[in-house]
Structures are given as structure tokens and as C-alpha cells.
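Here the protein sequences line up with chains A and B, keeping their order.
Residues in the first sequence are numbered from 271 upward in steps of one, following my numbering.
Residues in the second sequence are numbered from 271 upward in steps of one, following my numbering.
Don't be surprised by glycine CBs; every beta carbon is placed ideally from N, CA and C.
Note that the structure is predicted; figures quoted are calculated from it, not measured.
There are 2 protein chains.
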Amino acid sequence: MTAEGARLVIDLPAWVAEAAVPGRAFRDDQDKMALVIRLAEENIARGDGGPFGAAVFEIGSGKVVAAGVNRVVEAANCVLHAEMIALMFAQQRVGSFTLRSPGRPEHELFTSCEPCAMCLGATLWSGVTRLVIGAEREDAMAVGFEEGPVFAESYAYIAAHGVQTVRGIRRAEAARLLRGYRDSGGPIYNPDSTPPTTGL
Amino acid sequence: MTAEGARLVIDLPAWVAEAAVPGRAFRDDQDKMALVIRLAEENIARGDGGPFGAAVFEIGSGKVVAAGVNRVVEAANCVLHAEMIALMFAQQRVGSFTLRSPGRPEHELFTSCEPCAMCLGATLWSGVTRLVIGAEREDAMAVGFEEGPVFAESYAYIAAHGVQTVRGIRRAEAARLLRGYRDSGGPIYNPDSTPPTTGL
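Right, dumping it as C-alpha cells:
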């Protein structure tokens, strides 16, 4: 019996790795958010995916560990939100299923848009201790993206488990990007979207 | 500039693909749940990961599309819950970011244990229209696994978006498996767990 089809490959576009070279240090929240917004912009411009960017940094040094961009439609994989990619590549780099490790630096996730239900769950599992959000859930939903079952209690829950959430960093800029994406006719994909049948 | 480390490979163990050969038909909910519990058991027995199994089926024909087992510790990747693997491989097989497609069969996700917050979000994004659960959240938490921010409203939310949830299929059997895993000293990994440093 063969195990045909039993491998799944997730490629980070080379330009993402180049824009967020692991080990490069960023100064503050504004700079880190500017990076993930730039990743989202570039992702749209290149036609590589949805208007979302994310990155994991080491707290303290400000060094990038890994970055991600949305690849859902292009990779035919609903899991590949920017945050999921950044978290998975960060764990691959660190070599552990958790980014919390005694005696090692803590980590933070920056995302150009508030995490959906899936990404918020993964944020908790990932071991990051800080979550920094650009655009808000309502900014994403205003242009037609679903965000799933996330409630005020969800944030209380992750706070009780050691994840601090910070909002409003470059929100206006991040929200403008989402509106621009919609206005330029970018695909709004949701589970009930008809998959594109051409050009992919 | 190279894009070193910009590929992530997820391998489904060959024995999973063999136990759940895509296209093989299962008769009813009992049989489908028996399969995913067997996957969880085998995963423990082989030391491949945590005590969780899942599979996506075509509704109507009962054919397996893809299966998954937990690989978090072994793959150093907190995303690789059984459900996430089954959903990603199912989408790879179908070739779309959503398993809902006009004129095509609908799909259902069977899981040996209630989905965590991340997996519940992915269930919604995946396009399955039915979620069938063995062990409950409290069965998992009773042995020490975190489940994340999932509330009664979470299920109301996914129901409103077309995902029906069915509970209690072989629950006692699925919960017994979790207790047996804990009693035999299986690792209970959570974000604040110290990663194993040997044998992996």
C-alpha cells in the first residue's frame, strides 16, 4: 500500500523571507506593525494572496523569527492565514511546539488584522506571550471577510493563559489597506465562496 | 538573498493513509467514529503523537477524503492537531480552499475529541457542513489538555454559518482512550509545557 498524497508542502514566498529576514531587529511596535502591513500590501500587489501579513518577533531584541502572508486561495488551503504561517515557521525555526521556554526570550505575534477564531486559538497554542493587532475585526468584516466565533471572553481567556493583547497600532493604515483591496476587486473568500476556477 | 528555511513539510504517517485509504466508504456515524478512535489509539501505540484522530468524509457516499492524527510534539508544530491535518489534506485532495462547492457532495469532519478553539475555527473555514464529536471538551480537560476559548456561542455561530454539530458518538470509548493515555504517562503538552528535550 502506498501513502500517496501524504505530504503537504507549505512554501513561504521568497520575497516574504527577504522582507523579513530572520534575525533582523525592529525597534518598536510601530516599526513591527509597519513591516506586517507592508507584507500585506506586497502580497496584494504580487497577487499572492489575501490582504493580511503577520510576523513573530523575539521580545526584547526585537528580532524577527518568522513572517507570513495569507495564502488561502493560492494554496487551496483554508488554514494558511498569515498568522498561522508565521507561527508555524517560527516554531520550525525554534524547533519546538511552543515558543515559551524557560530561560529563553519570550515571543510576540504582530498581525495586520485581528486574528480570526482559528488564528486566535493558534496564538494561544503557539506560546507567544503578546499579541499586537492592527486593523480590528469590524474592519475586516466591513469589507466582507468572516472572522468566526471570537468574543470578548476569548481575549479574557487567552489573557488568563498568559497572552497579553495590544490593539490599535497603525489601525487606520491597516484598515485602509483592507478597503483598498476590496475596492480594487480582490477576492473575498469565505467557506461559502465559490472557488475561483480560472487563473489559479 | 536566499529564502532559506522557507519551506515547511507536513508528512502524514504512512500508516494513517493506509488505515484511511481515500475513497474507502464507511457506513454510518458509528463506523466513522470507530475509525478516528482507532487512528488515535494507533497514534499512541506507535508513539507518533497525542491521543487524537480525525477524518473528513463525503456526505452521502461515506467515502474518506483524508484523515489526520495529532503530530504536535513530534513535528514541533502546535498547529498539527488531528483535525487540522485532516482538513488540510482533504483540501489538497479536492484542490480547493473550501469543501463546499455547488453541485459537489458536502463534507463532514469526524473527530475523536471536541475541537479546540483553533480547530473549531478551521472547521468553519474548511467548508464542511457537519461536525461529529466523540469525547467532549471536559473529557480532554479532565486529563490535562487545554481546549482554548470555545463557548456555547461558538457552536451557535458555526451553526448560523452552515455547520451542524453532532455529539456523543462513542463518547465513552473516546474518553476512555484519553484517560488511558494519561494513565500510561503520555505527555500532556500545552503552551506552558516544557518541551521534551530528549528522544525526539
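In this structure, how does DSSP classify L305/B when only helix, strand and coil are distinguished? helix
With DSSP as the reference, please indicate the residues paired to H377/A in a beta bridge. E328/A
Is the distance from the Cβ of F367/A to the Cβ of Y425/B below 8 Å? no
By the three-class DSSP mapping on this structure, what secondary structure does G391/A have? helix
Among D281/A, L278/A, I280/A and D462/A, whose alpha-carbon lies nearest the alpha-carbon of P372/B? D462/A
D453/A (DSSP reduced to helix, strand or coil): helix
Can you name, in chain order, every residue of its own chain whose Cβ lies under 6 Å from the Cβ of V436/A, other than the five neighbours on each side? V402
Under 8 Å between the Cβ atoms of A346/B and Q300/A? no
Pull up the DSSP beta-bridge partners for V343/B, would you. None; V343/B has no bridge partner.
Alpha-carbon spacing of A315/B relative to V413/A, whole angstroms: 48 Å
Which residues in chain D sit within 7 Å of L278/B, going by Cβ to Cβ distance? Within the model displayed, chain D is absent; protein chains A and B are what it includes.
Sufficient close CB pairs (3 or more, under 8 Å) joining the region 336 to 355 of chain A to the region 308 to 324 of chain A: yes
Does DSSP put M271/A in a helix, a strand or coil? Its pLDDT being 42, under 50, M271/A is placed unreliably by the model, and the measurement read from it follows with that caveat. DSSP places M271/A in coil when its eight states are reduced to three.
Mind checking which residues open and close the beta strand (DSSP E) that includes I403/A? R400 to A405
Following the continuous beta strand (DSSP E) through V436/B, name the residue where it begins and the one where it ends. Q434 to V436
When you compare the CB of L390/A with every CB in chain B, is at least one pair closer than 8 Å? yes
Against chain A, does A290/B count as a neighbour if the rule is that its beta carbon must be under 8 Å from one of theirs? no
Tell me whether V279/A is buried or exposed, calling it buried when 16 or more other Cβ atoms sit within 10 Å of its Cβ. exposed
Give the residues from the region 367 to 379 of chain B that approach chain A closer than 9 Å (Cβ to any Cβ), ordered along the chain. F367, T368, L369, R370, S371 and P372
Cβ-based neighbour list, M354/A, same chain, cut-off 8 Å, excluding 5 preceding and 5 following: G338, M388, C389 and A392
Cutoff 7 Å; reference T467/A; Cβ partners in own chain excluding five residues on either side: Note that T467/A scores 43 on pLDDT, short of 50, meaning its location in the model is unreliable; the coordinates nonetheless yield the value given after this. None.
With 8 Å set as the bound, which would you pick, yes or no: does the beta-carbon of L305/B sit closer than that to a beta-carbon of chain A? no
Output needed for Y451/B: all residues of its chain with C-beta closer than 8 Å, excluding positions within five of it in sequence on either side, in chain order. I314, G320, P321 and V413
Whole-angstrom Cβ separation of L305/A and A290/A, contact assumed at under 8 Å? 6 Å
Checking contacts by CB at 8 Å: is M271/A closer than that to chain B? Confidence at M271/A is low in this model, with a pLDDT of 42, below 50, so its placement is unreliable and the value that follows should be read with caution. It does: the Cβ of M271/A has a partner Cβ on chain B nearer than 8 Å.
Between the region 391 to 406 of chain A and chain B, which residues of the former have CB atoms less than 8 Å from a CB of the latter, in chain order? G391, A392, L394, W395, S396 and G397
Measuring alpha carbon to alpha carbon, tell me which residue in R277/B, A276/B and P283/B is nearest A276/A. P283/B
Option nearest Q434/B by Cα separation, candidates G330/B, L394/B and G456/B: L394/B
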